[in-house]
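Colleague: Below are the structure tokens for one structure; questions will follow.
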Amino acid sequence: MGKLIKYAKPYIWQSIICPFLMTGEVLFEVLIPLYMGRIVDIGITGGDIRYVMTTGAKMVAMAGASLLCGALAARLAAVASMGLGARVREAMFQNIQTFSFANIDRFSTASLVTRLTTDVTTVQNMYQMMLRIFFRAPLQFICALVMSFRINTNVSKVFLVVIPLILLALVIFGPIAMQRFKRMFKMFDGLNASVQENLIAIRVVKAFVRGTHEKQKFKKANDDLMHAAVSAERLMVTAQPMMMLTMYGTILAIAYISSRYIIAGQMEVGSLATILTYIMRILISVVMIAMMFVNYVMSRAAASRIQEVLDEKPDVNDAQADPALQVENGDVEYRDVCFKYDAQGKKNVVDHVTLHIHAGETIGVIGGTGSAKTTLVSLIPRLYDVTGGEVLVDGHNVREYTLENLREAVSMVLQSNVLFSGSILDNLRWGDKNASLEEVEAACRAAQAHDFIMAFPDGYDTDLGQGGVNVSGGQKQRLCIARALLKKPKILILDDSTSAVDTFTDSKIREALRSNLPNTTKIIIAQRINSVSDADRILVLDNGKISDIGTHEELLERSMIYREVYHSQQKGTIEGGES
Ligand SMILES: Nc1ncnc2c1ncn2[C@@H]1O[C@H](COP(=O)(O)OP(=O)(O)OP(=O)(O)O)[C@@H](O)[C@H]1O
Ligand SMILES: [Mg+2]
1 MGKLIKYAKP YIWQSIICPF LMTGEVLFEV LIPLYMGRIV DIGITGGDIR
51 YVMTTGAKMV AMAGASLLCG ALAARLAAVA SMGLGARVRE AMFQNIQTFS
101 FANIDRFSTA SLVTRLTTDV TTVQNMYQMM LRIFFRAPLQ FICALVMSFR
151 INTNVSKVFL VVIPLILLAL VIFGPIAMQR FKRMFKMFDG LNASVQENLI
201 AIRVVKAFVR GTHEKQKFKK ANDDLMHAAV SAERLMVTAQ PMMMLTMYGT
251 ILAIAYISSR YIIAGQMEVG SLATILTYIM RILISVVMIA MMFVNYVMSR
301 AAASRIQEVL DEKPDVNDAQ ADPALQVENG DVEYRDVCFK YDAQGKKNVV
351 DHVTLHIHAG ETIGVIGGTG SAKTTLVSLI PRLYDVTGGE VLVDGHNVRE
401 YTLENLREAV SMVLQSNVLF SGSILDNLRW GDKNASLEEV EAACRAAQAH
451 DFIMAFPDGY DTDLGQGGVN VSGGQKQRLC IARALLKKPK ILILDDSTSA
501 VDTFTDSKIR EALRSNLPNT TKIIIAQRIN SVSDADRILV LDNGKISDIG
551 THEELLERSM IYREVYHSQQ KGTIEGGES
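Counting in this note's numbering, the sequence shown tops out at residue 579, every number present.
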């Protein structure tokens, strides 16, 4: 919590002035009952209408001043707290942008969304409450108490019994309430996570007809939350009548004691009225302090979750980079490279790989699911950093390039790729924001996307909808390839990027890549041997290790895995026709 306060710095004036205004509000407010008492005692009892009028006018003026202070304070508190929230969100978002894949794996997307929204709102509300109540409640408490004692010390001694009683109740019930609210917030997090996961994957849920299962899962999370909330509220509901009982009890006690003083002529009726008003003030401020305390504890959890995001250091950074170094040729070398996703894990996902890919070469990569094809190529643009050995591009360790320079030169079409909301053209220009229309079109022709784009009524201006929902799987893959081509990369990596494209189009794309990008190093991961058979060399990966590498013919001759995959696929095409 304390660490987040620094984000309120631009709002330091609002944050400082607000408590002062609050003080003003309380002071004016506390005087009003005093004047009211005088109206009764001097004005009404003495039959002095003039006195009633002038004192009444003073009361109105004071009420106005109090209102003004209160309204201004509320406004400043809102500005400061909303500002704090916005700055915290901004800082988090900026840090998240620097996260590597590994950082994101650690948090999960759903949790990041919750932290960025719900948690920030909680902290923001806490800050607002603090600005408004932190000074106000204790001040109101003290002022009202002092005034009561000034009016009549003997009567006010009732407070000395009541207040310790209330504090005792708070000490007993406070921790229980806290516990229950904490549980409620935890359930709330669970519900959030469940809903987000479901909505992100709603298509999969529907496709697998898992709706009922998901509904039950949701119902459970929702019911858990409800029970937790009811249990928390139950306590609050019991607390309220108890509070009322205390208040009326106090009023009765004070009225009883005062009546004896009044009858004996030692106290005025108006003073009694004034003290009764102060009772309310005192009790309300005690409740406010208690509430603030509960809230503070609640928001501590949110604050620490926010702090985690802010403190997370990107695993992959430019610490050893030389900004002047650029990728010139696109020569890639793996030197005894090992990698595992989990630093504590025993088994290497990529296991002692040594391999040299020459600039301009086309390398096919074949291997069963989970054989670490994606992992192996992710190490080139440093989506992940090696855990052993080194990866070199043009003879330099990839860490020597800035991430920007490196990723500018290495275009990777991810296996599960996404397009963003906006037009096709907007999306393609992610590759190169200054690309001319001709360049965009050339890239799309190479990726065999031009024809289907032109078939849309709006052509390149067609809106893709969020996540690119308006195009088919194969169309999306071709757009992603075109987008990668626009970067004019030195190294192009296609990770299973034509899996949803028919074989004929697939071969046309390869043909275009060969003729349009002769000097670009191309690494093509594929499930179909046909997609890589014309590569200069083909890498056969097995369980994170290089099983073999060579041309199609060489591998057919000596690699058993390759031969088996090839024959099984050939059989498929002969029996099932071209797919
Ligand atoms: N983000 C991740 N965190 C932890 N483990 C991962 C992660 N991604 C992949 N793995 C694991 O690493 C291994 C290699 O995965 P990888 O994605 O490289 O396989 P692949 O050869 O590309 O498979 P496919 O053909 O299915 O795409 C798998 O066992 C997988 O479970
Ligand atoms: Mg993969």
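Idealized CB from N, CA, C, for every residue including glycine.
Roughly how far, in whole angstroms, is the beta-carbon of P314 from the beta-carbon of T98, given that I think they are within contact range, below 8 angstroms?
Modeller: Rounded to whole angstroms, the Cβ separation of P314 and T98 is 4 angstroms, and the two are in contact under 8 angstroms.
Colleague: Skipping 5 residues on each side, what residues in its chain have a beta carbon closer than 6 angstroms to that of S579?
Modeller: Only weak support exists for where S579 lies, its pLDDT of 41 falling under 50; the value from the coordinates is given anyway. There are no such residues.
Colleague: Using the beta-carbon of each residue, find all residues closer than 7 angstroms to any heavy atom of ligand 2 and list them in chain order.
Modeller: K373, T374, Q415, D495, D496 and I525
Colleague: Where does V440 sit, in a helix, a strand or coil, going by DSSP?
Modeller: helix
Colleague: Starting from the Cα of K545, find the closest Cα among G468, V353 and Q448 and give me that residue.
Modeller: V353
Colleague: Tell me the DSSP bridge mates of K522?
Modeller: Paired residue(s): T362 and L492.
Colleague: Is V386 near ligand 1, with its Cβ less than 7 angstroms from a heavy atom?
Modeller: no
Colleague: Please return the same chain residues whose Cβ sits closer than 6 angstroms to the Cβ of V316, not counting the five positions on each side in sequence.
Modeller: S100, R382 and D385
Colleague: If V398 and T375 are in contact, beta carbons under 8 angstroms, what's the gap, nearest whole angstrom?
Modeller: Not confirmed; about 15 angstroms, so no contact.
Colleague: Rounded to whole angstroms, what is the Cα-Cα separation between D318 and H227?
Modeller: 49 angstroms
Colleague: Mapping the DSSP letters down to three states, classify G367 as helix, strand or coil.
Modeller: strand
Colleague: Between T498 and ligand 1, is there a pair consisting of the residue's CB and a ligand heavy atom that are separated by less than 7 angstroms?
Modeller: Not so, every heavy atom of ligand 1 lies at least 7 angstroms from the Cβ.
Colleague: How many angstroms separate the CA atom of A77 from the CA atom of Y256?
Modeller: 42 angstroms
Colleague: Please report the straight-line C-alpha distance between I133 and A86, rounded to a whole angstrom.
Modeller: Taking the straight line joining both Cα atoms gives about 22 angstroms.
Colleague: Sorted by chain position, which residues of the same chain lie with C-beta nearer than 7 angstroms to I17's C-beta, five sequence neighbours on each side aside?
Modeller: L76
Colleague: When we look at the beta-carbon of I104 and count the other beta-carbons within 10 Å, is it buried (16 or more) or exposed?
Modeller: exposed
Colleague: Counting only the same chain and skipping the five closest in sequence on each side, list residues whose C-beta sits under 7 angstroms from that of M178.
Modeller: V294 and V297
Colleague: Check for me: the alpha helix (DSSP H) holding E308 runs from which residue to which?
Modeller: V269 to D311
Colleague: Of the choices M126, L131 and D495, whose alpha-carbon is the least far from that of L379?
Modeller: Selection M126, L131 and D495 evaluated against L379 yields D495 as nearest (Cα-Cα).
Colleague: Looking at C-alpha atoms only, which residue of G474, M292 and H358 is the closest neighbour of A499?
Modeller: Before going further, note that residue 499 is Ser rather than Ala in the sequence given. When only C-alpha atoms are compared, the closest one is G474.
Colleague: Tell me the DSSP secondary structure of R537 in three-state form.
Modeller: strand
Colleague: Would you say the stretch 267-274 touches the stretch 160-169, given that touching needs at least three Cβ pairs under 8 angstroms?
Modeller: The stretch 267-274 and the stretch 160-169 do not touch, with fewer than 3 CB-CB distances between them shorter than 8 angstroms.
Colleague: Do A482 and A443 have their C-beta atoms within less than 8 angstroms of each other?
Modeller: yes
Colleague: Could you tell me the distance, in whole angstroms, from the CA atom of G577 to the CA atom of K571?
Modeller: Low per-residue confidence applies at G577: pLDDT is 44, beneath 50, and the placement is therefore not dependable, though the value from the model is reported in the following sentence. Answer to the nearest angstrom: the Cα atoms are 9 angstroms apart.
Colleague: Leaving out five residues on either side along the sequence, give the residues of the same chain with a beta carbon under 8 angstroms from the beta carbon of P10.
Modeller: G83 and R87
Colleague: For K215, count neighbouring Cβ atoms within 10 angstroms of its own Cβ and tell me buried if that reaches 16, exposed if not.
Modeller: exposed
Colleague: Distance, Cα to Cα, W430 vs I493?
Modeller: 17 angstroms
Colleague: Does the structure place the stretch 16-30 close enough to the stretch 122-136 that three or more beta carbon pairs sit under 8 angstroms?
Modeller: With the cut-off at 8 angstroms, the stretch 122-136 and the stretch 16-30 touch.
Colleague: If you draw a straight line from the alpha carbon of T122 to that of F185, how long is it in whole angstroms?
Modeller: 11 angstroms
Colleague: Taking its Cβ as the centre, do 16 or more other Cβ atoms sit within 10 Å of G37, making it buried, or is it exposed?
Modeller: buried
Colleague: Determine the direct distance from the alpha carbon of K219 to that of E564, and round the result to whole angstroms.
Modeller: 48 angstroms
Colleague: Please list the segments of the alpha helix (DSSP H) lying wholly inside the stretch 340-410, counting only runs of 4 or more residues, in order along the chain.
Modeller: The stretch 340-410 contains these whole alpha helix (DSSP H) runs: 373-378 and 403-409.
Colleague: Which residues mark the beginning and the end of the alpha helix (DSSP H) in which S194 is found?
Modeller: T153 to I200
Colleague: By a C-beta neighbour count over all protein chains shown, 10 Å radius and 16 as the cutoff for buried, is V60 buried or exposed?
Modeller: Exposed: under 16 other Cβ atoms inside 10 Å.
Colleague: Any idea if Q344 is buried or exposed, counting beta-carbon neighbours within 10 angstroms, 16 or more meaning buried?
Modeller: exposed
Colleague: Do the stretch 354-365 and the stretch 533-549 touch if we need at least three Cβ pairs shorter than 8 angstroms?
Modeller: yes
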